[in-house]
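First up is the structure itself, then whatever we jot down about it.
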Amino acid sequence: MRASRESKWMGAPASPPVVVLGAGFAGLRAVRRLGRAGVDALWVDARNYHCFLPLLYQVATAGLEPQEIAYPARSILRRLRAVDFRLARVVAGDPAAQTLTTASGERIAYAYLIVCTGGAAED
């Protein structure tokens, strides 16, 4: 991570204009579109990789290695200079204050929030 990027997000009074929450297909598409448009954004997820789930069955049947379907977030963002990544699990959000709270207690401010956390099947 570049020093300028570090100071840009860590403890800086200004919040990133856009926070994208989630590293699935929707989150990946959002950060790519924002990054290509030069929009400052912060991508947040509890995992530091994007997993290409349609090929997961090939890993289970030994057709592919796990690293062949998991793409590190940092390598995805290498060409998207306006987007940074934060490894964190968000546990709460305050729309009125425009902040997210992570499991470690860190608060992430935003001007715009894109929630791409996917869904879960009910039992």
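Mapping the sequence shown onto my numbering, position 123 (from 1) lands on 124, and the numbers just tick up by one.
Built from N, CA and C at the ideal position, the CB exists for glycine as well.
All values derive from a computational prediction rather than experimental measurement.
Asked                                                                                                           : Found
Skipping 5 residues on each side, what residues in its chain have a beta carbon closer than 7 Å to that of P73? : N49, Y50
Looking only at C-alpha atoms, which of W44, V40, E107 sits nearest to I77?                                     : W44
Looking at the structure shown, is R90 part of a helix, part of a strand, or coil, going by DSSP?               : coil
Assign L114 to one of three DSSP states: helix, strand, or coil.                                                : strand
For T100, which residues does DSSP report across the bridge?                                                    : D95, A110
Note down the Cα distance separating S8 from D85, rounded to an integer number of angstroms.                    : Here the model assigns S8 a pLDDT of 40, short of 50, so the residue's position is not dependable, and the following value carries that caveat. So the alpha carbons of these two residues sit roughly 12 Å apart.
Take V20 as the anchor and find which of D41, L81, G120, V92 has the nearest alpha-carbon.                      : D41
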